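To keep things clear, I will list the structure first and then write my remarks on it.
In our numbering, the protein residues as written are 4 to 78.
Given below as structure tokens:
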């Protein structure tokens with residue numbers, strides 16, 4: 004399960020979503036501007052206020068870090 008915490012203006016969020024689409028991976032997008040509870044959850048999980056924060060099978064990846072994303076995906 005992939006969850007990506009995003010904002011509408013986040014460039015790296017768009018890059019991450021494009022990468023997941025290219026790889027044929029399904030993901031759940033959570034806009035932390037609109038969802039205050041999700042924003043608090045993201046901060047608690049990651050210690051970060053910036054986006055993207057990507058959760059892959061319980062592992063947190065900060066930003067679009069392709070190497071860490073691929074590791075979390077088992078690639």
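Each residue gets a CB set at the ideal place from its N, CA and C atoms; glycine is no exception. Because the structure is a prediction, the values reported are computed rather than measured.
Burial state of residue i, where buried means 16 or more other Cβ atoms lie within 10 Å
i          : result
residue 39 : exposed
residue 80 : Only positions 4 to 78 of the chain appear in this structure, which leaves residue 80 out of reach.
residue 35 : buried
residue 70 : exposed
residue 20 : buried
Beta carbon of residue i nearer than 8 Å to that of residue j
i          : j          : result
residue 63 : residue 54 : no
residue 67 : residue 33 : no
residue 1  : residue 58 : The requested residue 1 is not part of the displayed model; the chain covers only 4 to 78.
When the options are compared against residue i, the one with the closest alpha-carbon
i          : options           : result
residue 78 : 21, 6, 28 and 11  : 28
residue 60 : 37, 51, 43 and 31 : 31
residue 11 : 25, 22, 24 and 37 : 37
Alpha helix (DSSP H) segments (min. 4 residues) lying fully within the segment 35–71: 39–49
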